[in-house]
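Some notes on the structure that comes next.
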Amino acid sequence: MNCPCNPSNLYDDCCKKAHQNIHSVTTAEILMRSRYSAFVLANIDYLQKSHHSATRPSKYEKKEILSWTKSVEWVKLNVLNSTKNTIEFKAYFKENGSLNVIHENSFFVKENNHWVYKNAL
Ligand SMILES: [Zn+2]
Numbered sequence: 572m573n574c575p576c577n578p579s580n581l582y583d584d585c586c587k588k589a590h591q592n593i594h595s596v597t598t599a600e601i602l603m604r605s606r607y608s609a610f611v612l613a614n615i616d617y618l619q620k621s622h623h624s625a626t627r628p629s630k631y632e633k634k635e636i637l638s639w640t641k642s643v644e645w646v647k648l649n650v651l652n653s654t655k656n657t658i659e660f661k662a663y664f665k666e667n668g669s670l671n672v673i674h675e676n677s678f679f680v681k682e683n684n685h686w687v688y689k690n691a692l
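Below, the structure is given as structure tokens:
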């Protein structure tokens, strides 16, 4: 299977490593890519784990996110800019037949010795 974050990589060689062990993630960009892939794969536990504890969705929100991500068709991820702690990206998905894009500059920090998503800037 190709990796959702980058179809020229195999999932096994790409985001699967992060999904199996978040401590293997060495940069904010790898974490961001693994979170995109987790949305595509509806891996809600990884989405929670890779979210900073201060901004992590509640149990209720977690269910909402899971049903939402299962209801859309993810198309692709484009990383536009990156710094050590920020990644600007566009994530494309189809919802009810129309193409939508999430354009965000995300902020990442380390918590418990691994990278996590903190918030959008
Ligand atoms: Zn990947």
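The sequence shown begins at 572 in our numbering and counts up one residue at a time.
Backbone N, C-alpha and C fix where the C-beta goes; we use that ideal spot for every residue, glycine too.
1) With respect to the beta strand (DSSP E) encompassing V646, which residues constitute its N-terminal and C-terminal limits?
2) Alpha carbon to alpha carbon, how far is H622 from Y582? Give it in angstroms, no decimals.
3) Quick check on the burial criterion: 16 or more other C-beta atoms within 10 angstroms. Buried or exposed for S608?
4) Is R720 near ligand 1, judged by its Cβ being under 7 Å from some heavy atom?
5) If you check the beta carbons only, do F610 and L618 fall under 8 Å apart?
6) Candidates A613, N671, K689, T657: which alpha carbon is nearest V646's?
7) Please name the residue, chosen from V650, T598, E666, A662, that lies closest to S638 on a Cα-to-Cα basis.
8) List the DSSP bridge partners of K633.
9) Can you give the Cα-Cα distance for S624 and C574, rounded to whole angstroms?
Reading it off the structure:
1) 644 to 653
2) 21 Å
3) buried
4) Residue 720 cannot be examined here, being either before or after the span of the chain that is shown, 572 to 692.
5) yes
6) With distances taken between CA atoms, V646 lies nearest to N671 out of A613, N671, K689, T657.
7) E666
8) K633 pairs with nothing; no bridge assigned.
9) 27 Å
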